Ligand SMILES: [Zn+2]
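Residue numbers (the working numbering): 60 to 289.
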């Protein structure tokens with residue numbers, strides 16, 4: 060059997076970035092197992108170098124992906140290798156990487172409690188739990204944008220430079236991170252917070268932290284961030 064040069068190049072590129080592909084498969088499985096996605100919902104991406112990323116394919120069940128499912132694309136969205144089409148939310152991922160050089164991974168899902176807040180277009184308050192302020196910060200609610208369209212990155216424009224997690228109106232959640240683990244942790248934290256708020260609201264009136272305490276906690280987060288990047 061002979062393999063053409065083009066065929067060989069394709070096979071090699073499909074097999075490259077094995078460790079990163081395994082991470083996407085692993086975190087896709089975690090999203091599904093945590094109940095943050097159903098069916099073929101959600102998408103994940105990971106930068107493999109400054110201008111290249113691996114992204115989950117369109118129409119894939121995130122809990123059951125194989126290592127050759129993620130699609131290698133450049134920062135302009137051109138497919139470099141892969142047997143499948145990239146995620147329909149690729150424009151959103153590309154937009155984040157172009158705007159945020161510090162971000163190396165994006166995680167988009169529809170976790171039920173946080174997505175319920177997005178469905179009633181109620182922002183998750185940023186002055187209730189100290190650990191949310193320190194680990195994620197404010198979680199802005201974006202304008203509604205039809206999924207998979209250019210309107211989705213546009214809806215992020217006012218917030219993308221300043222925040223790590225975003226509630227997409229009538230849609231779900233996007234989190235960004237320095238690693239896939241970091242982006243996934245933020246997704247888990249946002250959903251946990253939304254669940255706590257839902258439970259607390261059923262018990263009684265939620266108490267808000269004083270403004271001075273919120274500012275102090277924000278400083279703690281900023282210092283931690285500086286420590287992580289220095
Ligand atoms: Zn979605």
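Just so it is clear, CB atoms sit at the ideal spot from N, CA and C, and this is done for glycine as well.
Model, not experiment: these values are computed from the prediction.
Query	Result
Quiz: which residues have CB nearer than 7 Å to ligand 1 non-hydrogen atoms	100, 101, 148, 167, 169, 206, 230 and 231
DSSP-derived helix/strand/coil call for residue 201	coil
Residue range of the unbroken beta strand (DSSP E) whose run includes residue 236	231 to 236
In chain order, each beta strand (DSSP E) run of at least 3 residues that lies wholly inside the region 146 to 230	164 to 168 and 224 to 227
Touching by the beta-carbon criterion (3+ pairs, under 8 Å), the region 272 to 288 and the region 216 to 226	no
4-residue-minimum alpha helix (DSSP H) runs that sit fully inside the region 239 to 278, ordered along the chain	239 to 262
Segment contact, 8 Å Cβ cut-off, at least three pairs: the region 188 to 208 with the region 266 to 283	yes
Neighbour-count burial assignment, residue 153, 16 or more Cβ in a 10 Å radius	buried
7 Å CB neighbourhood of residue 75 in its chain, flanking five on each side removed	none
Whether residue 221 touches residue 164 by CB criterion (8 Å)	no
Assumed close pair residue 218, residue 199 - CB separation to whole angstroms, cut-off 8 Å	4 Å
Proximity below 8 Å, CB of residue 105 to CB of residue 83	yes
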